[in-house]
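Engineer: Numbering (the numbering used here), first residue to last: 11 to 623. In this text, a Cβ means the ideal position worked out from N, Cα and C, and glycines have one as well. Keep in mind that this is a model prediction, so the values were computed, not measured. Sending over a structure as structure tokens; questions will come in a sec.
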Ligand code: AGP
């Protein structure tokens, strides 16, 4: 959580930083702050609780001239979201300033020791402790700025991506990383540091992803990378793939709506170049690399959180259906603290849009330590999970800015379909003809997604009817069950309506008691293997006066006899159902949230990238 951005070069720093903070606001929006270092060694700090727009009000009319500076957008962990706890934080003398994304786990003991030595703190944050420590090391050891940062970090336990400025060294910018993301943009005679590349994408495409335990020292126009134990590293410069257009709203009112409507393209991008209908093959380099292992593996474990965990459930059905491999799907946060039985025979797949989720990363670290092969399905190129895994597959959904995950989910499912089919082919658990049929079906999906999106107007009407509901139930069976879970998560996270997803048949074991005339029940009732059973479940809801919104297959007239509202999707292969059926649920949540005047792209208390436990 938290977004950091910093600049050193020949341009005015403040517009780059403020613009960068707006692009990073998806990471947290409890407060925002900026520090500017002038060549006259003047360090100016402005910070404000709330969004970047509120910080902009504070700095209106101020002299912001500076070619070096940094900014922070916060998702509060230690200390409530107020002006004092907002970053940047200053050292005791005000010589040094810091911004930080992560958690200093031993901050309490460090703070106590510093207080005993006479330090006074203004905020409740763990970050302020770190900058006091750096200053103390600087003064007591008579070392330079860079050395003080390095030595202080050897005392720190926890996760951090930090940037530090020193009044005495206005030509320096120092960044350090452990456990939280940090990327350095290299321009001509200028450098950028940020949580992701979005703040500087229009200035440079050359980037270095800092590794854990590394420090970046920018001295004027020169970048040096060292480890905390002072070994110089050669920076590995990569070229960025994202463009400016991909991180802008492109005429849509919200990023979430843009991203929902992008799904025909993002699904296509996720399978383009990987499927070959003519010879009935699939190319997935990461899967091919472990062909022998996957042919004989006894089980696969999938780990993830939130929406990515829902994609994992779809993955379980797919891998069992096609590749006949038993699969366990685990919440990464639970898995990492259990004592799971794992060894070198296991194959563990982590699913993550951001590639930075702390629990998912920790689950992978555990699996790796037990000798398992670890595989990542991620969206953000160069993020921590893809860099940590033995192999993987990118989803190619493009940047997802809305906090509620939409196109990332359908891209994850697309990658899982390909993975399941590719393993099935290698194992011989699918016939060539069936594989070709499925690959042909896949080609039709972008057009079917477009068709599904045409229900938008009808969905707005339905949203108007249900916008004041207090609760909602989502039911589905088979591939429709993860869809129900995902639909319920979308509604609660952006509209703050309590919603639960259930396997449709489980309803009668408890949730049925909740059903009355006030309860909207969204049911995935497409013409697939479970159709009749789900129709019976709908009857049970109707008998208790529940109001049914059915997601049904085009041409199914019968369903309108049982449901209050029907949203049709094109007919499709059962295994590909989540790619279409999720879309109306995303739109329903979106429109309800807009009607309730909720902040759709930045729902309260949430952040896009959960880099803390
Ligand atoms: C989804 O809408 C959420 N905001 C959230 O559940 C998310 O899917 C989860 O935090 C996992 O993130 P990741 O995919 O980046 O690992």
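1) Going residue by residue through the stretch 304-367, where are the continuous beta strand (DSSP E) segments of at least 3 residues, counting only ones entirely within it?
2) Provide the residue span of the beta strand (DSSP E) that contains residue 459, from first to last.
3) Under 7 angstroms from any heavy atom of ligand 1, does the C-beta of residue 104 make it?
4) Take residue 535 as the anchor and find which of 72, 560, 528 and 496 has the nearest alpha-carbon.
5) Using a Cβ-Cβ cut-off of 8 angstroms, state whether residue 287 counts as contacting chain C.
6) Under DSSP, the alpha helix (DSSP H) around residue 275 begins and ends at which residues?
7) On a Cα-Cα basis, can you pick out the residue from 421, 608 and 448 that is closest to residue 434?
8) Would you give the residue range spanned by the beta strand (DSSP E) that residue 233 belongs to?
9) Quick one, are the C-beta atoms of residue 365 and residue 386 less than 8 angstroms apart?
10) From which residue to which residue does the beta strand (DSSP E) around residue 224 run?
11) Are the CB atoms of residue 380 and residue 352 nearer to each other than 8 angstroms?
12) What residues in its chain sit with their C-beta under 6 angstroms from that of residue 548, if we drop five residues either side in the sequence?
13) Classify residue 59 as helix, strand or coil using the three-state DSSP reduction.
14) In chain order, what residues of the same chain lie with their CB nearer than 6 angstroms to the CB of residue 358, ignoring the 5 residues before and after it?
15) Please enumerate, following chain order, all residues with a beta carbon closer than 5 angstroms to at least one heavy atom belonging to ligand 1.
16) Residue 216 to residue 280, Cα distance in whole Å?
17) So what's residue 37 in DSSP terms, helix, strand or just coil?
18) Looking at C-alpha atoms only, which residue of 284, 530 and 113 is the closest neighbour of residue 424?
19) Within its chain, find whatever has a CB closer than 6 angstroms to the CB of residue 138; leave out the 5 residues flanking it on each side and keep chain order.
20) Taking a contact to mean a Cβ-Cβ separation below 8 angstroms, would you say residue 144 touches residue 107 in this structure?
21) Exposed or buried, residue 50, counting other C-beta atoms within 10 Å across all chains shown (16 or more means buried)?
22) Check the C-beta distance from residue 613 over to residue 469 and give it rounded, since I have them as a contact under 8 angstroms.
23) To which residues of the same chain is residue 179 closer than 6 angstroms at the C-beta, ignoring the five residues directly before and after it?
24) Taking 8 angstroms as the cut-off, does the stretch 564-582 touch the stretch 505-515 (at least 3 CB pairs, one atom from each stretch)?
25) Pull up the CB-CB distance for residue 460 and residue 274, whole angstroms please, since I reckon it's below 8 angstroms.
26) In terms of residue numbering, what span does the beta strand (DSSP E) encompassing residue 603 cover?
27) Report, in whole angstroms, the separation of the C-beta atoms of residue 620 and residue 315, which I expect to be a contact under 8 angstroms.
28) Pull up the DSSP beta-bridge partners for residue 388, would you.
29) Which runs of the alpha helix (DSSP H) at least 4 residues long sit entirely within the stretch 461-489? Give them in chain order.
30) Using a Cβ-Cβ cutoff of less than 6 angstroms, which residues in the same chain neighbour residue 360 once the five nearest sequence positions on both sides are dropped?
31) Count the other CB atoms, across all protein chains shown, that sit within 10 Å of the CB of residue 260; report buried if there are 16 or more and exposed otherwise.
32) Residue 111 lies in the beta strand (DSSP E); which residues open and close that run?
33) Who are the near neighbours of residue 238 in its chain, counting only those whose CB is closer than 7 angstroms to its CB and skipping five residues on each side?
34) In the DSSP assignment, what are the bridge partners of residue 216?
35) Suppose you measure from the CA of residue 528 to the CA of residue 415; what does that come to, to the nearest Å?
36) Would you mind listing the beta strand (DSSP E) stretches within the stretch 487-562 that are 3+ residues and don't spill past its ends, in chain order?
Structural biologist: To lay it out plainly:
1) 310-314, 337-341 and 357-362
2) In the chain shown, counting from the first residue as 1, residue 459 sits at position 449. From DSSP, residue 459 is part of no beta strand (DSSP E) but of the alpha helix (DSSP H) over 442-463.
3) As a position in the chain shown, residue 104 is number 94, starting the count at 1. Because no heavy atom of ligand 1 lies under 7 angstroms away, the Cβ of residue 104 does not count as near it: no.
4) Sequence index remark: in the chain shown, residue 535 carries index 525 (1-based). Cα-wise, what sits closest to residue 535 is 560.
5) Although the question refers to chain C, the structure presented lacks it and comprises just one protein chain.
6) Walking along the chain shown from the start, residue 275 turns up at place 265. From DSSP, the alpha helix (DSSP H) with residue 275 extends over 273-281.
7) The residue labelled residue 434 in the question sits at position 424 within the chain shown. For residue 434, the nearest C-alpha among the options comes from 448.
8) As a first step, residue 233 is located in the chain shown; it is residue number 223 there, counting from the start. Taken as a continuous stretch (DSSP letters only), the beta strand (DSSP E) holding residue 233 covers 232-237.
9) On the chain shown, residue 365 is found 355 positions in, with the first residue counted as 1. On the chain shown, residue 386 is found 376 positions in, with the first residue counted as 1. The answer is yes: Cβ separation under 8 angstroms.
10) On the chain shown, residue 224 is found 214 positions in, with the first residue counted as 1. Start and end: 224-229.
11) Walking along the chain shown from the start, residue 380 turns up at place 370. Walking along the chain shown from the start, residue 352 turns up at place 342. Against a cut-off of 8 angstroms, the Cβ pair of residue 352 and residue 380 comes out as a contact.
12) Within the chain shown, numbered from 1, the residue matching residue 548 stands at position 538. Closer than 6 angstroms at Cβ, skipping near neighbours: 533, 558 and 572.
13) For this step, residue 59 is matched to residue 49 along the chain shown. Residue 59: strand per DSSP, three-state reduction.
14) To locate residue 358, count along the chain shown from 1; it is residue 348. Counting only Cβ-Cβ distances below 6 angstroms, and skipping sequence neighbours, we find 311, 377, 382 and 384.
15) 315, 316, 317, 318, 362, 363, 364, 367, 414, 415 and 620
16) Start at 1 with the first residue of the chain shown, and residue 216 comes out as number 206. Start at 1 with the first residue of the chain shown, and residue 280 comes out as number 270. Rounded to the nearest angstrom, the two C-alpha atoms are 24 angstroms apart.
17) The sequence position of residue 37 within the chain shown is 27, counting from 1. Residue 37: helix per DSSP, three-state reduction.
18) Start at 1 with the first residue of the chain shown, and residue 424 comes out as number 414. When each option's Cα is compared against that of residue 424, the closest is 284.
19) Stepping through the chain shown from its first residue, residue 138 is reached at position 128. 99 and 131, listed in sequence order.
20) Within the chain shown, numbered from 1, the residue matching residue 144 stands at position 134. Within the chain shown, numbered from 1, the residue matching residue 107 stands at position 97. No.
21) Residue 50 sits at position 40 when you count from the first residue of the chain shown. Classification of residue 50: exposed, given that the 10 Å Cβ count is below 16.
22) For the purposes of this step, residue 613 is taken as the residue at position 603 of the chain shown. For the purposes of this step, residue 469 is taken as the residue at position 459 of the chain shown. Not really, about 19 angstroms apart at Cβ, beyond 8 angstroms.
23) Within the chain shown, residue 179 is the residue found at index 169, counting from 1. The answer, listed in chain order, is 155.
24) no
25) Position 450 of the chain shown, counting from 1, holds the residue named residue 460. Position 264 of the chain shown, counting from 1, holds the residue named residue 274. That belief holds up - the Cβ atoms of residue 460 and residue 274 are roughly 5 angstroms apart, short of 8 angstroms.
26) Position 593 of the chain shown holds residue 603. Not the beta strand (DSSP E): residue 603 falls in the alpha helix (DSSP H), residues 587-605.
27) Locating residue 620 in the chain shown gives position 610, counting from the first residue. Locating residue 315 in the chain shown gives position 305, counting from the first residue. Sure, about 7 angstroms apart at Cβ, within 8 angstroms.
28) Position 378 of the chain shown, counted from the first residue, corresponds to residue 388. The partner list for residue 388 (beta bridge, DSSP) reads 362 and 404.
29) 466-476
30) Stepping through the chain shown from its first residue, residue 360 is reached at position 350. Result list for residue 360: 313, 370, 374, 386 and 395, in chain order.
31) Position 250 of the chain shown holds residue 260. Per the 10 Å Cβ criterion, exposed.
32) On the chain shown, residue 111 is found 101 positions in, with the first residue counted as 1. Residue 111 -> beta strand (DSSP E) spans 106-114.
33) To locate residue 238, count along the chain shown from 1; it is residue 228. The residues are 160, 163, 164, 223 and 225.
34) Counted from its first residue, the chain shown places residue 216 at position 206. Residue 216 is bridged to 249.
35) Within the chain shown, the letter at position 518 stands for residue 528. Within the chain shown, the letter at position 405 stands for residue 415. Using only the alpha carbons, I get a separation of about 28 angstroms.
36) 508-513 and 530-534
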